[in-house]
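Residues are numbered in this note's numbering as their position in the sequence shown, beginning at 1, plus a constant of 80. Even for Gly, the Cβ is constructed at its ideal location relative to N, Cα and C.
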Amino acid sequence: LLGLCLITQILTGLFLAMHYTSDISTAFSSVTHICRDVNYGWLIRNMHANGASFFFICIYMHIARGLYYGSYLYKETWNIGVVLLLLVMMTAFVGY
81 LLGLCLITQI LTGLFLAMHY TSDISTAFSS VTHICRDVNY GWLIRNMHAN
131 GASFFFICIY MHIARGLYYG SYLYKETWNI GVVLLLLVMM TAFVGY
């Protein structure tokens, strides 16, 4: 599920980036352009927004599984996972 969510996020993000402009005077109009004029733009935007939430839910379920089965005893693996979680959170913060 994590891989599917990540691929969906990357693809929908690329499609949104093709039509989005970050200029302060045209940013809102580019979002309305995506939702109204781009074919299934509203669906791509909603999939990207809700996919991010589902991606983090999958990450938290993966962490919960690791806690349940005692994977925290493997220090190196657990520390790499913590670093990856922090990197994903930082990337999401910068992206939104």
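In the three-state reduction of the DSSP assignment, V111 falls in the helix class.
In the structure shown, the three-state DSSP call for L81 is coil. C138 and Y120 have their C-alpha atoms some 26 Å from each other. Within the same chain, S110 come within 6 Å of T101 by CB-CB distance, once the 5 residues on both sides are set aside. Between S105 and C85, the alpha-carbon positions lie close to 32 Å from each other.
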